[in-house]
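In my numbering, the protein residues as written are 78 to 173.
By construction, the Cβ of each residue, glycine as well, lies at the ideal position given by its N, Cα and C atoms.
Below is one structure, written out as structure tokens; comments come after it.
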């Protein structure tokens with residue numbers, strides 16, 4: 078399967094530890110901002126709607142947050158692996 082230029086551009090920064098770090102930071106900020114927004118929205122609802130709102134968030138939004146957190150974990154593992162390979166290539170004895 079061939080990637081479009083836009084897709085390729087989105088992935089080309091993921092081949093360096095710095096690029097992975099930027100993506101991790103962006104996803105973390107996205108999660109934090111989204112959770113803050115959900116909390117703010119809930120605080121503006123009348124109390125009798127909190128239960129319904131919480132159910133909607135739990136069913137629709139929290140699975141997306143969990144998926145982003147799993148993505149962050151995978152990106153961190155990839156970043157650590159890239160750093161380890163770079164240390165190995167440089168002959169750094171602390172890599173062992």
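Query: Using 8 Å as the threshold, is the segment 94-103 in touch with the segment 140-147, meaning 3 or more CB pairs across them?; Result: no
Query: If you count every other CB in all the chains shown that lies within 10 Å of the CB of residue 156, and 16 or more means buried, which is it?; Result: buried
Query: With C-beta atoms as the reference, is residue 119 less than 9 Å away from residue 131?; Result: yes
Query: When the distance is taken between beta carbons, is residue 152 closer than 9 Å to residue 101?; Result: yes
Query: Return the CA-CA distance between residue 128 and residue 104, expressed in angstroms with no decimal places.; Result: 28 Å
Query: Residue 108: beta carbon under 8 Å from a heavy atom of the ligand MG?; Result: Because no ligand of any kind appears in the structure shown, any question about the ligand MG cannot be addressed here.
Query: Grouping DSSP H, G and I as helix and E and B as strand, with all else coil, what is residue 122?; Result: coil
Query: Measuring alpha carbon to alpha carbon, tell me which residue in 92, 91, 137 and 165 is nearest residue 111.; Result: 137
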